[in-house]
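What follows is a short report on a single structure.
Residue numbers (our numbering): 1060 to 1142.
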């Protein structure tokens, strides 16, 4: 087990408590800011990139769906794309 001591001085700790107490007293909310509206289009077409690791494509799809894109499609590109 690692029993390292936090690098907090007594003054920093009391200052943090005071700041938190003041924010609570004034009714400042630490909640989320107003959310952005959903995107105007819900369909997203991305190029299907062949390769060894396709995990980033799956992660990107999950992130795009969470942002409001309902229909995420991967399009197979035709021809040679090398420059």
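Note that beta-carbon positions come from the ideal geometry of N, C-alpha and C, so glycine has one too.
Do residue j and residue i have their beta-carbon atoms positioned less than 8 Å apart in this structure?
{"i": "residue 1106", "j": "residue 1136", "result": "yes"}
{"i": "residue 1102", "j": "residue 1066", "result": "no"}
{"i": "residue 1098", "j": "residue 1074", "result": "no"}
The beta strand (DSSP E) with residue i in it runs from where to where?
{"i": "residue 1118", "result": "No beta strand (DSSP E) holds residue 1118; the alpha helix (DSSP H) holding it covers 1114-1125."}
So what's residue i in DSSP terms, helix, strand or just coil?
{"i": "residue 1136", "result": "coil"}
Quick one: does residue i have its CB under 8 Å from some CB of chain B?
{"i": "residue 1066", "result": "Of the protein chains in this structure there is only one, and it is not chain B."}
Just the Cα atoms here: how many angstroms apart are residue i and residue j?
{"i": "residue 1076", "j": "residue 1100", "result": "46 Å"}
{"i": "residue 1081", "j": "residue 1095", "result": "29 Å"}
{"i": "residue 1072", "j": "residue 1134", "result": "55 Å"}
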